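Beneath this line is the structure, given in structure tokens, with notes to follow.
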Amino acid sequence: MLNTTQTRTTFKWGKGAALALALTFGMALAGCGNNAGSNAAANAAAASNGGNNASSNTAAASASASTDTDSSSNTTAASTDKKLTVYSAGPEGLATKLIEGYEAKTGVKVEMFQGTTGKILARMEAEKSNPVADVVILASLPSAQGLKDEGLTLPYPEAVNADKLNPDWSDADGNYFSTSASALGIAYNTKLVKTPPTSWEDLTKPEFKDQVNIPDPSLSGSALDFMTGYLSVKGDSGWSLFENFKKNGVAMAGANQEALDPVITGAKGVVAAAVDYMTYSSKAKGEPVDIVYPKDGTVISPRPAAILKSTQHEANAKAFIDYLLSDEAQKMVTDAYLLPGRTDIKADNRANLDEIPQFKVDWDYMNKNGADITEKFTQMFK
Amino acid sequence: MKSLSLKSFRAWSIVLALLVLTVLIVVPLIEIFIQSVYRDGELQWSAPFRTLANSGLVQVMLGSVWLGICVIAGTTVLALPLAWVMTNTRIGRWKWLDVVLLIPFMTPPYIGSMGWILFMQKNGYLEQLIPAMSHITPYFFTFGGMMLIMSLHLFPFLYLLLRGALERIGGSMEEAGAVMGAPFLYRFRRIVAPLLLSAYGMGAMLIFVKTIAEFGTPATFGKRIGYEVMTSEIHKYISSWPIDFGKATTLSSLLLTACLLMWYVQSVLSRRFTYSLVGGKGSRRSALKQKGLAVWLSAIFVFLLLVISIGVPYFSILAASTMKLRGVGLAWNNWTLDYYKQLLTWGTPSMEALMSSIWISLAASTVAVVLGTWFALVIQRSRSLSQRSVDLFSLLPNTVPGIVMVVGLILLWNAPWMPVHLYNTYGMVILTYVILFVPYTVQYVKSAAGQIDGSLFQAGQVFGGRSFYIFRRVMLPLIIPGMLSGWMMTFTIASRELVGSLLILPPSVQTSATYIYAQFEQGQVSLGMAMAVVSVGFTTLMLLIIESLGSRRKWNA
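Same order as they appear, the protein sequences are chains V and S.
For the first sequence, the numbering used here assigns the number 2 to the initial residue and increments by one for each residue that follows.
For the second sequence, the numbering used here assigns the number 44 to the initial residue and increments by one for each residue that follows.
Right, here's the structure in full:
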């Protein structure tokens with residue numbers, strides 16, 4: 002009773018404080034988001050234009066986008082569209098070098114997300130309603146075929162040097178370009194394995210009991226390529242190999258590097274369906290590992306790059322593809338112990354394409370059956 | 044008049060809190076629910092049930108729950124004696140121990156598990172040090188080993204809650220018992236245990252929820268022994284091709300139900316067994332300090348605990364981070380500091396990752412503390428339905444696996460109709476961390492505020508203190524330790540948050556956690572481990588500084 006009014010004023014203050022708190026929070030977030038908000042607005046504006054001229058003429062598209070969003074600034078297309086977002090799977094060092102090379106050449110600022118093929122696809126799925134990536138580089142051809150089939154890719158048949166690419170690995174209509182590839186083999190610890198296996202069946206022998214890791218096909222696109230590729234050649238009878246693997250204590254162990262790491266440290270002896278470039282680079286460091294390609298054949302896993310149809314930076318994205326196919330970028334690819342995507346370039350630090358026995362795989366079959374085979378395989382090896 | 048305006052302020056504050064919580068937490072979760080029934084562009088109400096009917100899922104669910112229960116047992120065995128030792132013996136005077144004991148919790152679970160694996164595996168560090176141990180190591184790669192790793196990771200969390208509660212109980216009640224001739228066990232059973240129950244229930248619930256929502260250990264260690272839990276299944280559907288949000292969200296709803304059930308049981312327990320402990324007289328430490336043999340036993344216990352919870356994993360982490368060639372193993376000529384040099388060079392991606400980790404976590408923990416304190420004060424003792432709703436909503440992020448919450452947030456903030464474009468900005472990262480970790484502050488502040496006796500406020504009013512004055516001079520000092528704990532927790536966990544960061548960080552931005560993860564993916568295990576050492580070292584240092592500031596300014600509850 003004594004101080005009712007005072008109490009009320011304090012509560013008003015309290016009220017205000019609560020409100021201020023909420024406001025500050027909101028504004029702080031909005032402040033953080035501001036920059037992006039305007040970007041997104043720019044993108045949305047560009048999208049509304051871009052939809053109308055899917056039939057190229059990108060300069061006009063980006064020019065109109067720039068006038069829509071930022072009429073006060075310099076309106077030449079080149080000066081406003083200096084951005085590109087790339088989602089890249091595979092060796093980080095290589096991805097960083099490629100992007101630095103491209104930035105130096107074009108002056109475009111590249112934002113990169115680095116992850117495994119599975120992570121990139123998951124992120125794209127999450128962003129479906131508001132796509133961010135302009136270009137994706139994946140480590141699995143069937144995934145790129147999947148993107149194409151869903152109509153998410155932007156064809157770029159006139160890419161420079163596209164004619165020099167291995168035609169088996171890339172899309173004839175220019176929806177995706179395999180600018181590098183890795184071959185799958187049997188990696189082994191040279192301290193533990195004195196006579197390396199020479200065929201896939203060798204891994205079912207008693208001497209390799211409980212010694213073998215195999216990457217999880219749901220996490221490793223290349224491992225999945227091996228399984229689908231092997232089955233596309235052998236038919237359903239091919240499953241007997243994996244059944245025998247399981248009987249011999251083969252363990253399914255995460256993505257490629259997680260499967261290889263225990264072999265480097267000596268906890269396991271062998272990785273079946275190991276990505277060769279990882280083994281080569283560990284070997285180059287001096288780790289006690291090496292790789293063999295089974296005589297009966299193996300699968301090569303191409304690493305496709307594709308422009309996404311939702312891109313707001315079409316010209317930059319195309320220039321990026323051109324860069325990936327250039328001599329300079331292909332040299333970086335071979336330096337990372339990967340197989341070059343172009344047939345006219347050879348690597349001198351690793352086995353080249355003609356030295357690796359290959360299965361005659363059926364990529365269509367692989368694309369169609371990937372999900373089922375993943376399911377069956379992971380159930381089997383649980 | 045007075046009570047009217049007081050009431051209206053309270054009501055207004057509750058409504059606002061509910062509104063904020065709805066937008067931040069409930070709507071994203073509803074998005075998840077919508078995803079679980081909205082498949083292939085059409086509404087399919089039966090879809091979740093079809094997923095559940097899929098055999099094997101029940102097994103996975105039971106596996107999760109069993110793990111959760113076992114880890115509660117494991118953490119109790121570790122944390123309860125520790126909390127007692129730290130409040131009742133001279134060992135408790137070593138303030139630095141409190142910070143050191145947080146290290147296991149600050150170690151990212153997947154790093155800790157990795158450390159254990161490297162230590163115990165075939166040809167691992169233990170076998171390299173003591174070859175005779177090779178008979179024993181296979182036994183580690185079992186369910187027991189997984190339970191041990193997770194308990195060792197989570198026990199500091201329970202310990203902090205229990206210790207706080209024990210300190211608030213103070214010495215006088217136990218002394219009263221002692222004066223009446225009650226022996227130790229009787230005093231514990233009849234005095235301490237009942238008073239501890241509410242804090243313990245809260246802690247146990249959070250341990251359970253953290254365990255079944257944990258992803259790092261199942262992903263590294265669980266995969267190794269073939270023990271599957273819900274999170275690993277959910278993660279599989281969310282991050283590997285073919286992506287199936289529908290299945291993932293259905294599984295999450297199942298997980299959510301289990302956690303809500305847990306929450307309900309805990310809230311019943313806590314309402315029934317909460318006592319006002321902080322009275323006007325102020326509390327002091329018990330005079331019943333243990334001496335002699337008890338102190339020695341306690342010291343041995345603490346020492347052993349430190350060896351297995353910190354010594355073993357950090358031996359592995361440090362060894363791996365200083366190894367030239369991992370294939371060579373432990374050898375003096377295989378030792379190098381190159382990875383640290385590479386890591387700590389200014390301007391490198393690793394340094395940038397470290398810096399962005401620090402500032403994002405600082406921002407997030409500060410916002411989270413402010414929001415969390417507000418929610419906790421609104422909740423009070425959750426008497427009314429709306430208060431209980433605030434309680435429930437603010438704890439939801441802790442009951443949903445991080446990855447599910449994050450997917451919900453992405454679905455919401457990246458929706459085409461969303462006017463504020465937060466996605467792919469730092470704002471999104473901060474928002475995500477705030478939402479994921481706000482329950483910590485809520486819990487700590489609630490626990491602190493819940494035990495303040497109303498008589499303190501009445502006393503303040505009797506002496507003419509205005510409401511804000513009472514809040515500032517009575518309430519605030521009493522809840523500040525809770526706020527500080529919440530802030531510290533949020534900062535440490537945010538700075539190592541992985542699963543959400545992997546999905547939500549804008550391109551080109553890395554935090555220390557995603558950097559470590561990327562190094563493991565790239566085969567640079569040593570570099571990743573070096574980063575783990577640096578980032579955990581930094582947070583520990585920061586906590587030590589805060590702790591020393593805190594002890595100079597005593598907030599005596």
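Don't be surprised by glycine CBs; every beta carbon is placed ideally from N, CA and C.
Bear in mind that the values here come from a model prediction, so they are computed numbers and not experimental data.
Whose Cβ in chain S lies nearer than 9 Å to the Cβ of residue i?
{"i": "Val290 (chain V)", "result": "Gly370"}
{"i": "Asn317 (chain V)", "result": "In chain order: nothing, as chain S lies at least about 14 Å away."}
{"i": "Gly152 (chain V)", "result": "Those within 9 Å of Gly152 (chain V) in chain S number zero; the least Cβ separation is about 15 Å."}
{"i": "Gly287 (chain V)", "result": "Lys367, Leu368, Gly370 and Val371"}
Can you check whether the C-beta of residue i is within less than 8 Å of a C-beta belonging to chain V?
{"i": "Gln102 (chain S)", "result": "no"}
{"i": "Tyr357 (chain S)", "result": "no"}
{"i": "Asn376 (chain S)", "result": "no"}
{"i": "Pro459 (chain S)", "result": "yes"}
{"i": "Phe344 (chain S)", "result": "no"}
{"i": "Tyr466 (chain S)", "result": "yes"}
{"i": "Gln164 (chain S)", "result": "yes"}
{"i": "Val450 (chain S)", "result": "yes"}
{"i": "Ala561 (chain S)", "result": "yes"}
{"i": "Ile453 (chain S)", "result": "yes"}
{"i": "Trp598 (chain S)", "result": "With a pLDDT of 42 at Trp598 (chain S), under the threshold of 50, the predicted position of this residue should be treated as unreliable, and no value is reported."}
Applying a beta-carbon distance threshold of less than 7 Å, which residues of chain V neighbour residue i?
{"i": "Gly167 (chain S)", "result": "Ala268"}
{"i": "Lys279 (chain S)", "result": "Ser219"}
{"i": "Leu546 (chain S)", "result": "Arg124 and Ala127"}
{"i": "Ile255 (chain S)", "result": "Ordered by position in chain V, no residue passes the 7 Å Cβ test against Ile255 (chain S), which lies about 20 Å from the chain."}
Please compile the residues from chain S whose C-beta is within a distance smaller than 8 Å of the C-beta of residue i.
{"i": "Met228 (chain V)", "result": "Residues of chain S passing the Cβ test: none, with the nearest at roughly 13 Å."}
{"i": "Ile374 (chain V)", "result": "Near Ile374 (chain V) there are no residues of chain S at all, since even the closest Cβ is about 12 Å away, more than 8 Å."}
{"i": "Glu126 (chain V)", "result": "Ile286 and Phe288"}
{"i": "Ser233 (chain V)", "result": "Those within 8 Å of Ser233 (chain V) in chain S number zero; the least Cβ separation is about 18 Å."}
{"i": "Ser183 (chain V)", "result": "Going along chain S, no residue has its Cβ under 8 Å from Ser183 (chain V), so there is no contact; the nearest lies around 13 Å."}
Which chain V residues sit within Cβ distance under 9 Å of residue i?
{"i": "Pro550 (chain S)", "result": "Thr86, Val87, Tyr88, Val111, Glu112, Met113, Phe114, Gln115, Val133 and Ala134"}
{"i": "Lys266 (chain S)", "result": "Asp217, Met253, Ala254, Gly255 and Glu259"}
If you measure from the beta carbon of residue i to each beta carbon in chain S, is any gap under 8 Å?
{"i": "Lys120 (chain V)", "result": "yes"}
{"i": "Lys98 (chain V)", "result": "no"}
{"i": "Ile265 (chain V)", "result": "yes"}
{"i": "Ser283 (chain V)", "result": "yes"}
{"i": "Ser200 (chain V)", "result": "no"}
{"i": "Gly38 (chain V)", "result": "Summary for Gly38 (chain V): the model assigns pLDDT 37, below 50, so the residue's position carries little reliability, and this model does not support an answer."}
{"i": "Ser130 (chain V)", "result": "yes"}
Just checking my contact of residue i with residue j at CB under 8 Å: how many whole Å lie between their CB atoms?
{"i": "Leu123 (chain S)", "j": "Leu205 (chain S)", "result": "6 Å"}
{"i": "Met381 (chain V)", "j": "Ser551 (chain S)", "result": "The pair is not a contact, with the Cβ atoms about 39 Å apart (cut-off 8 Å)."}
{"i": "Thr379 (chain V)", "j": "Leu155 (chain V)", "result": "Thr379 (chain V) to Leu155 (chain V), Cβ: 33 Å. No contact."}
{"i": "Ala184 (chain V)", "j": "Thr280 (chain V)", "result": "Not really, about 10 Å apart at Cβ, beyond 8 Å."}
{"i": "Thr484 (chain S)", "j": "Ala411 (chain S)", "result": "6 Å"}
{"i": "Lys310 (chain V)", "j": "Leu153 (chain V)", "result": "6 Å"}
{"i": "Val109 (chain V)", "j": "Ala188 (chain V)", "result": "About 37 Å; that fails the 8 Å criterion."}
{"i": "Ala226 (chain V)", "j": "Leu354 (chain V)", "result": "Residue 226 (chain V) is actually Asp in this sequence, not Ala. About 16 Å separates the two Cβ atoms, so there is no contact after all."}
{"i": "Thr232 (chain V)", "j": "Gly239 (chain V)", "result": "The question names Thr, yet the displayed sequence has Leu at residue 232 (chain V). Right, the Cβ-Cβ distance comes to about 4 Å (below 8 Å), so this counts as a contact."}
{"i": "Ser364 (chain S)", "j": "Met572 (chain S)", "result": "4 Å"}
{"i": "Trp201 (chain V)", "j": "Leu139 (chain V)", "result": "25 Å between Cβ atoms; not a contact."}
Counting only Cβ pairs nearer than 8 Å, list the residues of chain V close to residue i.
{"i": "Gly269 (chain S)", "result": "Lys383"}
{"i": "Gln565 (chain S)", "result": "Pro92, Glu93, Gly94 and Gln258"}
{"i": "Val568 (chain S)", "result": "Asp262"}
Which chain S residues are close to residue i, counting only those with a beta carbon under 7 Å from its beta carbon?
{"i": "Met279 (chain V)", "result": "Gly566"}
ask   = Taking one C-beta from the region 85 to 94 of chain S and one from the region 245 to 258 of chain S each time, how about it: are there three or more such pairs within less than 8 Å?
value = Too few Cβ pairs lie closer than 8 Å, so no.
ask   = Is the region 212 to 219 of chain V touching the region 270 to 278 of chain V, taking contact as three or more C-beta pairs under 8 Å?
value = Contact between the region 212 to 219 of chain V and the region 270 to 278 of chain V is present, because at least three Cβ pairs lie under 8 Å.
query = With a cut-off of 8 Å, do at least 3 Cβ pairs link the region 550 to 566 of chain S to the region 535 to 542 of chain S?
reply = Contact between the region 550 to 566 of chain S and the region 535 to 542 of chain S is present, because at least three Cβ pairs lie under 8 Å.
request  = Anything in the region 402 to 425 of chain S with a Cβ closer than 9 Å to a Cβ of chain V? List those residues in chain order, please.
outcome  = Residues of the region 402 to 425 of chain S whose Cβ lies closer than 9 Å to any Cβ of chain V, in chain order: Ala406, Val410, Val413, Leu414 and Trp417.
query = Do the region 192 to 209 of chain V and the region 323 to 340 of chain V touch if we need at least three Cβ pairs shorter than 8 Å?
reply = No contact exists between the region 192 to 209 of chain V and the region 323 to 340 of chain V.
task = Can you give me, in chain order, the residues of the region 234 to 251 of chain V that have a beta carbon less than 7 Å from any beta carbon in chain S?
result = Residues of the region 234 to 251 of chain V whose Cβ lies closer than 7 Å to any Cβ of chain S: none.
message = Tell me whether the region 210 to 227 of chain S and the region 291 to 306 of chain S touch, counting them as touching only if at least three CB pairs, one residue from each stretch, are closer than 8 Å.
response = These segments do not touch.
Residues, ordered as in the chain, of the region 148 to 173 of chain V that lie near chain S by beta-carbon distance below 9 Å = Correct list: empty, as no residue qualifies.
key: Stretch-stretch touch, CB-based, cutoff 8 Å, three pairs: the region 513 to 527 of chain S with the region 424 to 443 of chain S   = Cβ pair count under 8 Å is below three, so no.
key: Contact the region 131 to 151 of chain V vs the region 357 to 376 of chain V: 3+ CB pairs below 8 Å   = By the C-beta criterion, the region 131 to 151 of chain V is judged to be in contact with the region 357 to 376 of chain V, since at least 3 inter-stretch pairs fall below 8 Å.
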